[in-house]
Amino acid sequence: MKTINKLLAPIKKKTMNALVANYKWLEKQVRANNVTYNNISNNYETNIDTKSEIAAISSYKREVAINEILKSKEYDFDNMLVIKNPHRIAPLSALALFVTDMSCKVQYTIAGKRGSDDYTVCDEIMTKYHRVPLLGLYENSVNIIIVRLLDENDSIIASKKLRIIIRGLDKPVHNAVKLSNSTQPLSKDFIFVSGGYHGGVYAFDKKGNIRFALNKIPQYCGVYLFKDGRFLFPEKHMRRPAWGNANTVVMHEMDMMGRVYRTYYDKKGLHHWAIEKEPGGNILALSSSTDDTFMENEIVEIDRFTGEAVKEINMNQLLPEKYITRNDWAHINSIEYIAKDDSVVISMRNVHTIAKISLEKGELVWILTNPKFYKETNVEDKVLKPEGDIKWFFQQHAIQIVHDEKNKDGRLHIMLFDNHTANRRPVKWFDKEKKSNIMFFTIDEKNMTVTQDKYIPVPLSVTRSNEEYDTKTGKVFAMCANLKPPIDGYNGKIYEIDYNTGEITNEFSSELDYFSAHSIEFNINDMAKPLDFSKDMVVGELYAPVKAEGNAEDFTKLLDFDDIENNDDKPQICMYGELLQIRALDHTLEKIYLYNENDTYIQDFTDSEQTIEVFGTQHYYMSMPLMAIAHGNYKLAIKHNGKLYDTHKYINIF
Numbered sequence: 002m003k004t005i006n007k008l009l010a011p012i013k014k015k016t017m018n019a020l021v022a023n024y025k026w027l028e029k030q031v032r033a034n035n036v037t038y039n040n041i042s043n044n045y046e047t048n049i050d051t052k053s054e055i056a057a058i059s060s061y062k063r064e065v066a067i068n069e070i071l072k073s074k075e076y077d078f079d080n081m082l083v084i085k086n087p088h089r090i091a092p093l094s095a096l097a098l099f100v101t102d103m104s105c106k107v108q109y110t111i112a113g114k115r116g117s118d119d120y121t122v123c124d125e126i127m128t129k130y131h132r133v134p135l136l137g138l139y140e141n142s143v144n145i146i147i148v149r150l151l152d153e154n155d156s157i158i159a160s161k162k163l164r165i166i167i168r169g170l171d172k173p174v175h176n177a178v179k180l181s182n183s184t185q186p187l188s189k190d191f192i193f194v195s196g197g198y199h200g201g202v203y204a205f206d207k208k209g210n211i212r213f214a215l216n217k218i219p220q221y222c223g224v225y226l227f228k229d230g231r232f233l234f235p236e237k238h239m240r241r242p243a244w245g246n247a248n249t250v251v252m253h254e255m256d257m258m259g260r261v262y263r264t265y266y267d268k269k270g271l272h273h274w275a276i277e278k279e280p281g282g283n284i285l286a287l288s289s290s291t292d293d294t295f296m297e298n299e300i301v302e303i304d305r306f307t308g309e310a311v312k313e314i315n316m317n318q319l320l321p322e323k324y325i326t327r328n329d330w331a332h333i334n335s336i337e338y339i340a341k342d343d344s345v346v347i348s349m350r351n352v353h354t355i356a357k358i359s360l361e362k363g364e365l366v367w368i369l370t371n372p373k374f375y376k377e378t379n380v381e382d383k384v385l386k387p388e389g390d391i392k393w394f395f396q397q398h399a400i401q402i403v404h405d406e407k408n409k410d411g412r413l414h415i416m417l418f419d420n421h422t423a424n425r426r427p428v429k430w431f432d433k434e435k436k437s438n439i440m441f442f443t444i445d446e447k448n449m450t451v452t453q454d455k456y457i458p459v460p461l462s463v464t465r466s467n468e469e470y471d472t473k474t475g476k477v478f479a480m481c482a483n484l485k486p487p488i489d490g491y492n493g494k495i496y497e498i499d500y501n502t503g504e505i506t507n508e509f510s511s512e513l514d515y516f517s518a519h520s521i522e523f524n525i526n527d528m529a530k531p532l533d534f535s536k537d538m539v540v541g542e543l544y545a546p547v548k549a550e551g552n553a554e555d556f557t558k559l560l561d562f563d564d565i566e567n568n569d570d571k572p573q574i575c576m577y578g579e580l581l582q583i584r585a586l587d588h589t590l591e592k593i594y595l596y597n598e599n600d601t602y603i604q605d606f607t608d609s610e611q612t613i614e615v616f617g618t619q620h621y622y623m624s625m626p627l628m629a630i631a632h633g634n635y636k637l638a639i640k641h642n643g644k645l646y647d648t649h650k651y652i653n654i655f
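Under the numbering used here, the letters of the sequence shown match residues 2 to 655, in that order.
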């Protein structure tokens, strides 16, 4: 430990009962230990000023430094090290590091504030080397934490009090939500909210206090939660031009500490929703076809550890051509997996359709919608036959399987959020009601029938939104993410509703819209484990540049990049790990060239056009992966708005 830290340690122990550091201190340890990540393709020398490190590699380096800190045995229970926000992205988190003479577990209690109860959680790992994730801290507060050592019988060996100061959060997560009404305690500890055009990523407790937040904004669909408490974070500004909304092509598997397990590259990019196929297994996500003019119409299975797309299903091949009338004809917005027959159930907003698809066969199994919609089509026999009265859904979201141990009837129970609008695909039977609904259905797959068990009306939420139902507590959550019109100035609501009585037991209000919300528990045991360095941490691939012999363009007649008007539409050049990235307005960057006297490498973005005006206003980074480019010295040129420019930048690859 550096001299200055040795001098400060007694003072900090007295006032904080620990040596409290932050991510900047941890970054110094990374540099002091000369931690490097060696699994890269090439080395680069460039005059591009803006460079940043791939998120997974940054996490790797911090993890190595943390391991070295523990190996040093410098910190014990009486003199532990607490690093606030160690991964720079989760400001309400901290990591406690120390060693003990005997193997034990660590339990801690965060004292309640602002009406919230104490929060107690235990790291169940028996070890002498402790890396304890501290989650659930309060913003703008001195957090009082009681830390206890437990033996294998959960008897207390020792305890101590910590005081950790956390500053206030910035917008949009500061005071993001408030408890508007409550008749009984919320049935869940935390609600996790993400996405929307204006919102951030945060979690709040039973009283509406923010207890988790990210200081980085993902793509507008938010992050994609996995069963183990991790999530997939899609980079908001790393995308690829498409026929419509540009999909995100760089994602990170991350935990609530902000630690990244893998960075994924994906050629086509992802949108809307992604889940684990099984806990720890492959990723099922939504994508877009790239060999035609359609968008948000594909299902993709991604190998969890290699990033390879191992299966793709294009809905253009499964539904009638009469509905494939525009780029965004399907608009798949959610997906659920059924393990027993290796199938998925998906929601397609723009055709008011829920469909089951066999992953093994790539075939349509059944369709749930008003039978009128597919009458006299080639899939009419796949439409489930209604039994009894059904109130139909329109432009729905968030298809989910209802898991109820009491139901042993062999039938499939599902639920969805009925946004109840029909502007994207008008149909004659739309009733024009200004209410959304949480809907529950039972499907008899053997007899191809469907019954509606229940629907619960909620305020009109025209897009996004989702629902949850806990059959053990009998509570339904209605996540109304985009209220139209707003209610008392609030654009988002979260309701806890009694399934049997329809009583609203808790109501939370948000000034900002969001994409989805979910109940969560912090998976302390998973976050307390060290990273597994045996697997690649940067996986998948992007479309590679094409090599042309000699000069593919007349590079002697380039325009001067500096002459482009200096406003927000001017391209910006940076390096993100082994990706050369250029930020530009949608579809204005046509090609990137790396060239020398012998060869030219071309990254071409002219395989699509923008047909939807609103998406043409977006700025984002387009990538040229450098991993497969031959060693050599290259100059950088671009084609922007039909003109070739000399950027005055070079990259030497060796």
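Even for Gly, the Cβ is constructed at its ideal location relative to N, Cα and C. This one's a predicted model, so the numbers in the text were calculated from it and none came from an experiment.
Among the options, nearest to residue i - alpha-carbon criterion
{"i": "Glu513", "options": "Tyr544, Glu236, Met480 and Phe523", "result": "The sequence given here has Leu at residue 513, not Glu. Comparing Cα positions, the closest option is Met480."}
{"i": "Ala22", "options": "Pro87, Tyr456, Asn34 and Glu69", "result": "Pro87"}
{"i": "Ile347", "options": "Lys376, Met416 and Asp390", "result": "Met416"}
{"i": "Asn248", "options": "Tyr61, Thr612 and Glu236", "result": "Glu236"}
{"i": "Tyr24", "options": "Leu319, Tyr338, Gly259 and Leu595", "result": "Gly259"}
{"i": "Val615", "options": "Thr601, Arg63, Asp587 and Leu627", "result": "Asp587"}
{"i": "Gly223", "options": "Ala214, Lys208 and Val202", "result": "Val202"}
{"i": "Thr589", "options": "Lys571, Thr378 and Ile211", "result": "Lys571"}
{"i": "Lys636", "options": "Leu369, Glu554, Asn182 and Trp274", "result": "Glu554"}
{"i": "Pro321", "options": "Ile192, Ala518, Thr378 and Met625", "result": "Thr378"}
{"i": "Asp77", "options": "Ala97, Leu287 and Asn448", "result": "Ala97"}
{"i": "Asp605", "options": "Ala549, Cys575 and Asn599", "result": "Ala549"}
{"i": "Lys73", "options": "Lys129, Ser609 and Pro387", "result": "Per the sequence presented here, residue 73 reads as Ser, with Lys not at that position. The residue with the shortest Cα to Cα distance from Ser73 is Lys129."}
{"i": "Gln108", "options": "Thr121, Thr612 and Asn246", "result": "Thr121"}
{"i": "Leu369", "options": "Ile444, His421 and Met239", "result": "Ile444"}
{"i": "Lys114", "options": "Lys269, Asn507, Gly209 and Gly245", "result": "Gly209"}
{"i": "Thr474", "options": "Asn35, Lys85 and Leu187", "result": "Leu187"}
{"i": "Asp292", "options": "Tyr262, Ala243, Ile339 and Ala66", "result": "Ala243"}
{"i": "Thr51", "options": "Gln573, Asn599 and Lys644", "result": "Gln573"}
{"i": "Ser40", "options": "Gly270, Ala204, Asp471 and Phe534", "result": "For clarity, residue 40 is Asn in the given sequence; the question names Ser instead. Comparing Cα positions, the closest option is Phe534."}
Residue i vs residue j beta-carbon contact at 8 angstroms
{"i": "Tyr621", "j": "Ser53", "result": "no"}
{"i": "Asp124", "j": "Val133", "result": "yes"}
{"i": "Met625", "j": "Ala585", "result": "no"}
{"i": "His272", "j": "Ser290", "result": "no"}
{"i": "Pro546", "j": "Ile630", "result": "yes"}
{"i": "Trp367", "j": "Glu299", "result": "no"}
{"i": "Ile49", "j": "Cys575", "result": "yes"}
{"i": "Leu532", "j": "Tyr262", "result": "yes"}
{"i": "Lys29", "j": "Ser510", "result": "no"}
{"i": "Ile166", "j": "Tyr139", "result": "no"}
{"i": "Asn492", "j": "Asn483", "result": "yes"}
Distance between beta carbons of residue j and residue i, contact taken as under 8 angstroms
{"i": "Asp206", "j": "Asp190", "result": "7 angstroms"}
{"i": "Asn144", "j": "Ile111", "result": "6 angstroms"}
{"i": "Ala57", "j": "Thr264", "result": "4 angstroms"}
{"i": "Glu579", "j": "Asn43", "result": "7 angstroms"}
{"i": "Leu559", "j": "Tyr646", "result": "6 angstroms"}
{"i": "Tyr266", "j": "Leu543", "result": "5 angstroms"}
{"i": "Asn283", "j": "Asp304", "result": "6 angstroms"}
{"i": "Arg350", "j": "Arg425", "result": "7 angstroms"}
{"i": "Met127", "j": "Lys106", "result": "6 angstroms"}
{"i": "Val83", "j": "Lys62", "result": "So it is not a contact: roughly 20 angstroms between Cβ atoms."}
Beta strand (DSSP E) segment containing residue i, residue limits
{"i": "Gln30", "result": "From DSSP, Gln30 is part of no beta strand (DSSP E) but of the alpha helix (DSSP H) over Tyr24 to Ala33."}
{"i": "Asn68", "result": "Careful: Asn68 lies outside any beta strand (DSSP E), inside the alpha helix (DSSP H) at Ala56 to Ser73."}
{"i": "Phe205", "result": "Tyr203 to Phe205"}
{"i": "Arg149", "result": "Ser142 to Leu151"}
{"i": "His641", "result": "Gly633 to His641"}
{"i": "Glu469", "result": "Asn467 to Asp471"}
{"i": "Asn408", "result": "No beta strand (DSSP E) contains Asn408, which DSSP labels as neither H nor E."}
Minimum Cβ-Cβ distance from residue i to chain C less than 8 angstroms
{"i": "Gly201", "result": "As a matter of chain content, chain C is missing from the structure shown, which is built from one protein chain."}
For residue i, the first and last residue of its enclosing alpha helix (DSSP H)
{"i": "Met528", "result": "Ile525 to Met528"}
Near the ligand ZN: residue i beta-carbon under 7 angstroms from a heavy atom
{"i": "Ser359", "result": "With respect to the ligand ZN, the structure shown offers nothing to examine, as it has no ligands at all."}
| field | contact_flag[the region 421-433, the region 376-384] where n(CB pairs < 8 angstroms) is 3 or more | value | These segments do not touch.
| query | Do three or more CB pairs link the region 454-461 to the region 432-446 at distances below 8 angstroms? | reply | With the cut-off at 8 angstroms, the region 454-461 and the region 432-446 touch.
| message | Three Cβ pairs or more, each shorter than 8 angstroms: is that satisfied between the region 265-281 and the region 331-344? | response | Three or more Cβ pairs drawn from the region 265-281 and the region 331-344 lie within less than 8 angstroms of each other, which places the two stretches in contact.
| request: Pair every Cβ in the region 389-408 with every Cβ in the region 460-475, then say whether three or more of these pairs are closer than 8 angstroms. | output: Contact check between the region 389-408 and the region 460-475: three or more CB pairs, one atom from each, fall below 8 angstroms, which counts as touching.
| Taking three-plus beta-carbon pairs below 8 angstroms as touching, is the region 154-166 in contact with the region 481-492? | No, they do not touch.
| query | Between the region 209-226 and the region 516-525, are three or more C-beta pairs nearer than 8 angstroms? | reply | In short, these stretches touch, since the Cβ pair count reaches three.
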